[in-house]
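Here my numbering runs 86 ahead of the position in the sequence shown, where the first position is 1.
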Amino acid sequence: MAVAPEVARWVRAATTLAAKLELAGPEQLVSYLPRRHEDRRQGWHPSMGLPEGPVNFQGVVTRSKLNRWRGRKCSVEIDLEVISKGLETGDRVRILFYHLPFMARAFPEGKRVAVYGRLEEKSGILRTIHPETETIEEGKEENIHLDRVVPVYPLIAGLNQRRVRSTLYHYLRNCWPQVEEAFPACEGMPSREESWRIYHFPSSLPEVEVARRRLAWEELVASRFGVLVRRAAREAIRVERPEKVRDLIGPWLANLPFSMTADQKTACGEIDADLRLGRPMHRLLQGDVGSGKTLVAAHALLRALEHGSHVALMAPTTLLVEQHAAALRKLLPPRMLEIVTWTSDSKPGPVGLFPRITIGTHALFAAKARLARLSLCVIDEQQRFGVKQRAAFLAKGERPDLLVLTATPIPRTYDLLMNGDLDKSYLREMPPGRGEVKTYVREAEAEEKIWAHLQDRIQVGDRAYVVVPRLGEEVQDPADEASVKRTYDFLVTRFGSRRVALLHGKMKEQEKLRILDGFRKGE
Numbered sequence: 087m088a089v090a091p092e093v094a095r096w097v098r099a100a101t102t103l104a105a106k107l108e109l110a111g112p113e114q115l116v117s118y119l120p121r122r123h124e125d126r127r128q129g130w131h132p133s134m135g136l137p138e139g140p141v142n143f144q145g146v147v148t149r150s151k152l153n154r155w156r157g158r159k160c161s162v163e164i165d166l167e168v169i170s171k172g173l174e175t176g177d178r179v180r181i182l183f184y185h186l187p188f189m190a191r192a193f194p195e196g197k198r199v200a201v202y203g204r205l206e207e208k209s210g211i212l213r214t215i216h217p218e219t220e221t222i223e224e225g226k227e228e229n230i231h232l233d234r235v236v237p238v239y240p241l242i243a244g245l246n247q248r249r250v251r252s253t254l255y256h257y258l259r260n261c262w263p264q265v266e267e268a269f270p271a272c273e274g275m276p277s278r279e280e281s282w283r284i285y286h287f288p289s290s291l292p293e294v295e296v297a298r299r300r301l302a303w304e305e306l307v308a309s310r311f312g313v314l315v316r317r318a319a320r321e322a323i324r325v326e327r328p329e330k331v332r333d334l335i336g337p338w339l340a341n342l343p344f345s346m347t348a349d350q351k352t353a354c355g356e357i358d359a360d361l362r363l364g365r366p367m368h369r370l371l372q373g374d375v376g377s378g379k380t381l382v383a384a385h386a387l388l389r390a391l392e393h394g395s396h397v398a399l400m401a402p403t404t405l406l407v408e409q410h411a412a413a414l415r416k417l418l419p420p421r422m423l424e425i426v427t428w429t430s431d432s433k434p435g436p437v438g439l440f441p442r443i444t445i446g447t448h449a450l451f452a453a454k455a456r457l458a459r460l461s462l463c464v465i466d467e468q469q470r471f472g473v474k475q476r477a478a479f480l481a482k483g484e485r486p487d488l489l490v491l492t493a494t495p496i497p498r499t500y501d502l503l504m505n506g507d508l509d510k511s512y513l514r515e516m517p518p519g520r521g522e523v524k525t526y527v528r529e530a531e532a533e534e535k536i537w538a539h540l541q542d543r544i545q546v547g548d549r550a551y552v553v554v555p556r557l558g559e560e561v562q563d564p565a566d567e568a569s570v571k572r573t574y575d576f577l578v579t580r581f582g583s584r585r586v587a588l589l590h591g592k593m594k595e596q597e598k599l600r601i602l603d604g605f606r607k608g609e
């Protein structure tokens with residue numbers, strides 16, 4: 087079937103644009119949403135005075151002049167007689183373009199033009215430099231860039247607003263295939279196809295919100311549906327629970343030097359109930375720092391080990407791996423099990439005689455990491471790992487149980503979408519003797535007070551750590567966030583080199599552990 091040349095042209099343009107944006111095809115361009123919309127319908131005329139921001143107006147070209155300088159430098163002056171309410175007002179505005187000689191031919195005398203830009207007055211002449219313009223043709227259905235609510239898109243190198251806007255406008259209008267409704271729209275909502283068109287090229291700003299709500303509603307329904315499908319698929323899986331071969335929980339609880347909190351007991355009971363079911367456990371344990379998540383995790387690890395299987399705990403950094411190993415060695419009976427760590431530098435060792443807990447980083451995904459008969463996977467700071475990483479960890483076993491730990495408060499909507507397939511346990515109370523965790527937010531102007539407070543606390547024997555977002559000096563803007571090294575230099579100057587240590591992920595493991603151990607001891 088023959089395709090009209092104009093349609094073929096915009097299909098090619100859309101395909102090129104999609105490739106530039108690394109989208110699968112032109113059909114995906116609808117998902118390249120505007121960052122914002124600008125209302126460029128309000129016309130300006132000189133009687134309104136000189137505005138502060140950009141304005142939209144129309145005019146008729148009365149003069150177009152090319153001024154050449156030395157070499158290839160030039161300027162183009164285009165004089166317009168402003169039109170207000172369809173009538174020429176006699177007021178004039180000058181448009182200036184620098185080093186674009188072709189603009190003199192683009193605006194012949196008598197051409198009607200729409201303009202959007204900032205005005206200034208110089209030598210009694212109103213002018214605008216390099217504004218957005220669009221010629222107004224007889225019989226033209228509507229403008230794309232001016233005299234309407236205009237979409238403003240995020241850009242990458244090699245793209246400009248006019249190209250993106252024109253391509254999307256013509257593709258949506260003439261080439262975009264009809265879209266099937268994934269979910270029937272609620273009463274009063276536009277269809278999915280209509281919502282995409284409105285969001286890109288609305289006729290008013292309130293229309294944008296209507297379209298956004300329709301698309302957001304569908305995205306929410308689709309995401310929630312996906313969570314329910316994942317949960318149903320998980321609950322359909324059946325596992326055979328092996329017989330208990332040893333008692334680890336009883337002696338462990340009998341020798342704990344403290345009592346669990348009510349929340350810890352509840353969480354342990356929920357985990358025990360999960361591990362008796364004929365399907366894998368998938369549970370999220372959420373609690374603030376210091377609420378005792380490690381103790382509950384230790385209970386889960388021991389319960390799984392009672393059945394003669396292997397268990398593993400994954401943490402995002404080597405330092406956290408070492409911290410977990412140290413904490414579990416204190417909590418768990420040393421003569422009854424073996425605790426080993428596994429990082430990218432680890433090598434397979436002999437398999438011991440005792441039940442084993444392996445604690446490691448993402449290196450646990452590696453083939454050389456021996457996790458035979460893996461029945462329980464525990465993930466700390468689960469928000470630091472992606473869905474694929476979590477799946478890769480679970481793939482080390484045959485339908486293992488999963489317990490994920492987080493101290494990060496999770497907004498309810500995000501929790502429903504991302505963790506809706508997980509059962510939840512919460513630790514809301516602190517164990518006796520644990521200090522209350524207090525969080526303070528201070529303005530940048532209070533930085534000196536923060537350092538002074540820190541100095542006072544250190545002088546009475548307290549310890550502190552400062553976390554900064556960057557390691558090196560690879561910062562484009564000198565006013566950007568502080569780097570680790572720059573902050574270290576500042577603290578050494580303020581507190582002295584014997585009281586400050588530098589710690590970051592690119593250091594050797596032994597050096598990191600030495601510094602961390604010294605920090606714990608207060609050296």
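Glycine included, C-beta positions come from ideal geometry on N, C-alpha and C.
Of the listed residues Phe188, Ile465 and Glu138, nearest to Thr214 (C-alpha basis)
Ranked by Cα distance from Thr214, the first of Phe188, Ile465 and Glu138 is Glu138.
Which stretch, first to last residue, makes up the beta strand (DSSP E) that contains Arg574?
Note that residue 574 is Tyr in the sequence shown here, rather than Arg. It is not in any beta strand (DSSP E) - Tyr574 instead sits in the alpha helix (DSSP H) that spans Val570 to Phe581.
Exposure label - Pro112; buried when at least 16 CB within 10 Å
Around the beta-carbon of Pro112, 16 or more other beta-carbon atoms lie within 10 Å, marking it buried.
When DSSP builds the beta bridges, which residues end up paired with Gln144?
Beta-bridge pairing links Gln144 to Ile169 and Ala200.
Residue interval of the alpha helix (DSSP H) (run including Thr404):
Thr404 to Leu417 is the span of the alpha helix (DSSP H), which, as asked, contains Thr404.
First and last residue of the alpha helix (DSSP H) that includes Phe91?
The amino acid at residue 91 is misidentified as Phe; the sequence shows Pro. Going by DSSP, Pro91 is part of the alpha helix (DSSP H) stretching over Pro91 to Lys106.
Taking Cβ positions, are Val464 and Leu489 nearer each other than 7 Å?
Judged by beta-carbon spacing, Leu489 lies within the 7 Å limit of Val464, meaning their Cβ atoms are closer than that value.
Report the option in Arg365, Lys510, Val375 and Leu306 whose CA atom is closest to the CA atom of Cys354.
The shortest C-alpha separation from Cys354 is found at Lys510.
Taking only the alpha-carbon atoms, compute the straight-line gap between Val146 and Ser569 and give it to the nearest angstrom.
Distance between the alpha carbons of Val146 and Ser569 is about 55 Å.
Please report how far the alpha carbon of Arg158 lies from the alpha carbon of His185, in whole angstroms.
The alpha-carbon atoms of Arg158 and His185 are separated by roughly 7 Å.
Element boundaries [alpha helix (DSSP H), containing Leu212]
Per DSSP, Leu212 belongs to no alpha helix (DSSP H); it is in the beta strand (DSSP E), Ile211 to Ile215.
My understanding is that Leu152 touches Pro187, with C-beta atoms under 8 Å, so please give their C-beta distance in whole angstroms.
Contact annotation, Leu152 with Pro187: C-beta distance approximately 6 Å; criterion of less than 8 Å satisfied.
If we ignore side chains and look at the alpha-carbon of each, how far apart do Arg606 and Ala412 end up?
Each residue's alpha carbon lies about 12 Å from the other.
Going straight from the alpha carbon of Ala308 to that of Glu108, what length do you get?
Approximately 24 Å, taken between the alpha carbons.
Compute the distance between the beta-carbons of Leu232 and His368, then report whether it is under 7 Å.
No, Cβ-Cβ distance for Leu232 and His368 is not below 7 Å.
Does the count of Cβ pairs from the segment 232-241 and the segment 111-128 closer than 8 Å reach three?
Touching, per the Cβ criterion.
Alpha carbon of Asp333 to alpha carbon of Ala390, nearest angstrom
Put simply, the backbone Cα of Asp333 is about 11 Å away from that of Ala390.
For Asn260, count neighbouring C-beta atoms within 10 Å of its own C-beta (all shown protein chains included) and say buried if the count is 16 or more, exposed if not.
Exposed, because fewer than 16 other Cβ atoms sit within 10 Å of the Cβ of Asn260.
Beta carbon of Gln144 nearer than 7 Å to that of Ile164:
In this structure, Gln144 keeps its C-beta atom at 7 Å or more from the C-beta atom of Ile164.
By DSSP, does Gly558 sit in helix, in strand, or in coil?
Residue placement at Gly558 cannot be trusted, given a pLDDT of 48 that sits under 50; the coordinates are not used to answer.
Leaving out five residues before and five after Glu613 in sequence, what residues of the same chain have Cβ atoms less than 7 Å from its Cβ?
Absent from the model: residue 613. The displayed extent of the chain is 87 to 609, so no value can be given.
Measuring CB atoms only, is the segment 363-382 touching the segment 395-408, in the sense that at least three cross pairs come out at less than 8 Å?
No: the two stretches stay apart, fewer than three of their Cβ pairs being nearer than 8 Å.
Please give the ranges of any beta strand (DSSP E) in the segment 487-536, keeping only runs that are unbroken, at least 3 residues long and fully inside the region.
Counting only runs of 3 or more, we get 487-492 and 509-513.
Does Val523 have its Cβ less than 7 Å from a Cβ in chain D?
Considering every chain present, this structure includes no chain D. It has just one protein chain.
Rounded separation between Leu388 and Thr525 - CA only
In this structure, the CA atom of Leu388 is about 34 Å from the CA atom of Thr525.
Taking only the alpha-carbon atoms, compute the straight-line gap between Gln114 and Arg251 and give it to the nearest angstrom.
Each residue's alpha carbon lies about 15 Å from the other.
Verify whether the separation of the beta carbon atoms of Arg198 and Pro140 is less than 7 Å.
No. Outside cutoff.
For Glu567, does the three-state DSSP call read helix, strand or coil?
Note that Glu567 scores 42 on pLDDT, short of 50, meaning its location in the model is unreliable and no value can be drawn from it.
For Gly608, which residues in the same chain have their Cβ closer than 8 Å to its Cβ, ignoring the five residues on either side in sequence?
Excluding residues within five positions, the ones whose Cβ falls inside 8 Å are Gly547 and Arg549.
Give the C-beta separation of Leu258 and Arg283 to the nearest angstrom, bearing in mind that I take them to be a contact with Cβ-Cβ under 8 Å.
So it is a contact: roughly 6 Å between Cβ atoms.
Return the chain-ordered list of same chain residues with a C-beta closer than 6 Å to the C-beta of Arg122, the five sequence neighbours on each side being excluded.
So the list reads Val238, once near-sequence residues are dropped.
Contact belief for Arg485 with Val315 at Cβ below 8 Å, rounded distance in angstroms:
Actually they are not in contact, since the Cβ atoms of Arg485 and Val315 sit about 18 Å apart, beyond 8 Å.
Where DSSP assigns a beta bridge to Trp428, which residues make up the other side?
Gly446, per the DSSP bridge assignment.
Relative to the alpha-carbon of Thr347, which residue among Asp358, Leu241 and Val382 has its alpha-carbon at the smallest distance?
Nearest to Thr347 by alpha-carbon distance, out of Asp358, Leu241 and Val382, is Val382.
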